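Visitor: Below you will find the structure I want to go over with you.
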Amino acid sequence: MEIKEVINRQISEAREVYLTFKHLSEEEQELFLAISL
Numbered sequence: 000m001e002i003k004e005v006i007n008r009q010i011s012e013a014r015e016v017y018l019t020f021k022h023l024s025e026e027e028q029e030l031f032l033a034i035s036l
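Now the structure itself:
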């Protein structure tokens, strides 16, 4: 049960990041990726 909660939290965090990322311009996306790595 606990593992499932962790996975669900990671999925919703990933979804938020994706939705944010989708609205960025190409230049902003490259910067975002550079920061993430």
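Residue 2 in numbering that gives the first Met the number 0 sits at position 3 of the sequence shown; the count goes up by one each step and never skips. Yeah, the Cβ is synthetic: ideal placement off N, Cα and C, and Gly gets one too. In this text, all values refer to a predicted model and were calculated from it rather than measured experimentally.
1) How many Å lie between M0 and E15 at the Cα?
2) With DSSP as the reference, label L30 as helix, strand or coil.
3) Which value, in whole angstroms, describes the spacing of the CA atoms of I10 and A33?
4) Is the distance from the Cβ of L23 to the Cβ of F31 below 8 Å?
Guide: Checking against the coordinates, here is how it stands:
1) 23 Å
2) helix
3) 22 Å
4) yes
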